[in-house]
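**Q**
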DNA sequence: GTGTGACTTATAGTCCGTG
DNA sequence: GCACGGACTATAAGTCACA
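Okay, here's the thing in structure tokens:
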């Protein structure tokens, strides 16, 4: 179905993942490794091409040392919880 | 893969959905209709049997008139964002 | 180090029921 | 109104070769 809202959400996730990853000086490969996912898969998420599931979301959050809801929040401030 | 973290997340989602739904006096059917999902699917989500995608998460949030990150936050207090 | 299209396999999600 | 199952279809997961 992919409504406009869903598109925005994927986009938000993409931006958050990319920002957090670069914030920690990781490559897509490094994040993929840390999250237990694949390089190209992480890449396609960052390009908001994927409609990821809770499971992948969780893996991603783990790899980025953050919380799942952080990846889906529009966050300008304290994003990195030490 | 379904790590323990992913299990917890599904469980949290299940609780939040059920609580918010009942809070608004909706049946699973009513929510399914409002979210554009299927009756049995909503039921299985509330039983934390499903690893839902962003798209469904968005639809669910829409049907519950809330935000996606609310469904994934451990929320004791102000759940309804004004 | 990243983008992209193609591809296979796993599972998300629908729809039919039953108690 | 809800839990749960079986069978099905659509799509996410996961991997690759190459730009």
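Residue numbers (the numbering used here), protein chains in the order written: chain Z, 7 to 88; chain D, 7 to 88.
C-beta atoms are modelled at their ideal positions from N, C-alpha and C, and glycine is treated no differently.
Computed from a predicted model, the values in this text were never measured in an experiment.
Given a threshold of 16 other Cβ atoms within 10 Å of its Cβ, counted over all protein chains shown, does residue 42/D qualify as buried or as exposed?
**A** exposed
**Q** Would you grab the beta carbon distance between residue 52/Z and residue 23/Z for me? Rounded to a whole angstrom, and I think it's under 8 Å.
**A** Confirmed, about 6 Å.
**Q** So is residue 80/D buried or exposed if we call it buried at 16+ other beta carbons inside 10 Å?
**A** Exposed is the call here.
**Q** Leaving out five residues on either side along the sequence, give the residues of the same chain with a beta carbon under 6 Å from the beta carbon of residue 50/Z.
**A** 56
**Q** Counting contacts by CB-CB distance shorter than 8 Å, is residue 70/D in contact with chain Z?
**A** no
**Q** Using a cut-off of 7 Å between C-beta atoms, extract the partners of residue 16/D located in chain Z.
**A** From the beta-carbon of residue 16/D, the residues of chain Z found nearer than 7 Å are 60.
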